[in-house]
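Heads up: the structure comes next, in structure tokens.
In full-length UniProt numbering, the protein residues as written are 1 to 433.
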């Protein structure tokens with residue numbers, strides 16, 4: 001089902017005309033109302049009136065996460081505080097929190113965009129949507145909640161935590177759609193099994209998973225174990241929250257970006273220049289309709305590529321290929337660039353391993369070392385030591401051959417790696433300890 005048929009199927013030329021009109025209006029607003037952007041535009045030598053085409057986007061200044069932190073809490077608002085009805089914020093675990101404001105119109109648009117996403121995933125007003133994203137300052141829970149209500153579905157606002165109780169509620173309430181991080185869905189699956197609940201016997205049919213990078217191998221693992229269709233949803237709090245894009249259930253071949261509200265481009269993260277169409281790079285987003293806190297050319301740090309070929313679902317929005325890493329999550333091990341998702345793909349192609357792993361980076365003298373800790377399943381754990389050692393060697397060889405980096409592989413017993421009720425912590429960097 002296509003929720004906003006007229007908009008989501010706009011011919012490309014009409015969509016780009018709408019984007020240009022909204023970009024010009026947004027540039028005028030931020031230049032007039034946000035001192036940070038007025039200064040940044042002036043330093044770049046550009047005025048809003050200079051934006052004559054979408055190609056002129058490349059001349060506008062970038063916005064970085066640190067800019068939001070530097071103007072904490074409300075320094076980037078483009079409207080008076082009296083017009084702001086809600087704020088969300090990041091956890092601030094790696095620095096000062098980033099705060100984002102919303103007008104009532106922003107909230108209304110957000111709910112509608114997430115409703116579009118649920119519809120693209122195959123959900124309808126007849127569904128029961130179990131929201132296990134965290135509620136509060138994190139955008140995931142309330143974003144999914146408002147979208148589910150806009151769709152007209154029954155909404156179960158469980159939030160994070162209480163995993164055993166969540167498994168029971170999925171069974172008792174008969175939820176048909178599950179919203180959480182992909183890693184947490186597997187924690188739910190394990191907990192349900194321990195409680196004697198088989199997900200394949202439940203009405204659950206769709207998982208809308210996001211908030212962390214995951215691979216097609218993990219998707220297949222989730223779909224096989226839980227008997228559902230696993231859909232990738234994309235968003236980030238600095239731009240809006242969940243609902244910036246989502247895969248359609250028909251193709252599951254990249255997230256359709258809501259291009260009538262977000263102008264997306266891909267740049268080389270080093271040179272900061274746009275890459276050729278279809279090439280991989282860092283996703284950059286400009287909000288076209290956000291009122292309270294618009295952002296111009298926000299560097300997401302997510303590594304992906306954009307595809308403009310027609311999709312069999314009928315939507316004309318560009319598709320963002322699955323995020324396979326972040327430019328700020330990238331590990332450099334002895335000169336080799338490594339993303340956790342690359343190692344995850346190798347691990348999940350190996351029989352007997354679980355999707356629970358952690359990359360531990362240490363410094364030995366002047367050299368960095370990488371240890372890959374990965375859980376084995378119960379059957380493999382009971383195997384002979386020599387067979388486990390042989391498997392460790394095989395995985396180490398595959399990592400070396402495919403990624404060009406030497407890593408020590410350590411197989412650990414089931415549940416040895418700490419579980420997370422939100423985003424899984426994949427990297428443990430001990431180089432500065």
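Each residue gets a CB set at the ideal place from its N, CA and C atoms; glycine is no exception.
Close-in-space but distant-in-sequence residues of the same chain around residue 92 (CB under 7 Å, 5 per side omitted): Since pLDDT at residue 92 reaches only 48, below the 50 mark, its modelled position is unreliable, and the value read off the structure follows with that caveat. No residues qualify anywhere along the chain.
Three-state class that DSSP yields for residue 34 in the structure shown: coil
Through-space distance from residue 305 to residue 279, alpha-carbon basis: 6 Å
Sub-7 Å separation of residue 398 and residue 346 beta-carbons: yes
Rounded separation between residue 98 and residue 390 - CA only: 46 Å
Reduced DSSP secondary structure (H/G/I, E/B, other) of residue 445: Residue 445 cannot be examined here, being either before or after the span of the chain that is shown, 1 to 433.
Under 7 Å between C-beta atoms of residue 88 and residue 100: yes
Host alpha helix (DSSP H) of residue 184 (start-end): 182–194
Whole-Å CB distance - residue 438 paired with residue 222, under 8 Å assumed: Past the boundaries of the shown model lies residue 438; the chain is included only from 1 to 433, so the question cannot be answered.
Rounded separation between residue 384 and residue 420 - CA only: 30 Å
Residue range of the unbroken beta strand (DSSP E) whose run includes residue 359: 353–364
DSSP three-state assignment for residue 389, whether helix, strand or coil: helix
Bridge partner(s) assigned by DSSP for residue 131: 157, 179
At least 3 beta-carbon pairs within less than 8 Å: the segment 368–379 vs the segment 248–255: no
Beta-carbon separation (whole angstroms), residue 297 vs residue 282, contact threshold 8 Å: So it is not a contact: roughly 11 Å between Cβ atoms.
Pairwise C-alpha distance: residue 403 and residue 164: 38 Å
Whole-Å CB distance - residue 204 paired with residue 170, under 8 Å assumed: 6 Å
Pick from 183, 17, 162 that is closest to residue 423, judged by C-alpha positions: 183
Close beta carbons around residue 105, own chain, < 6 Å, minus the five adjacent residues each side: 291
Own chain, CB closer than 6 Å to residue 235, minus 5 neighbours either side, in chain order: 241, 242, 243, 244
Within 7 Å, strictly: CB atoms of residue 228 and residue 206: yes
Cβ-based neighbour list, residue 144, same chain, cut-off 7 Å, excluding 5 preceding and 5 following: 114, 131, 133, 179, 242
Those residues which DSSP pairs with residue 255 across a bridge: 247, 320
Three-state secondary structure assigned by DSSP to residue 294: coil
Among 350, 359, 349, the one whose alpha carbon lies nearest that of residue 329: 359
Backbone secondary structure at residue 418 - three-state DSSP: coil
CB contact below 7 Å: residue 191 versus chain C: You won't find chain C in this structure, because it holds only one protein chain.
Other residues of its chain near residue 417: CB distance less than 6 Å, five sequence neighbours each side excluded: 356, 358, 375
Cβ shell of residue 86 (< 6 Å), same chain only, five flanking positions each side left out: 102
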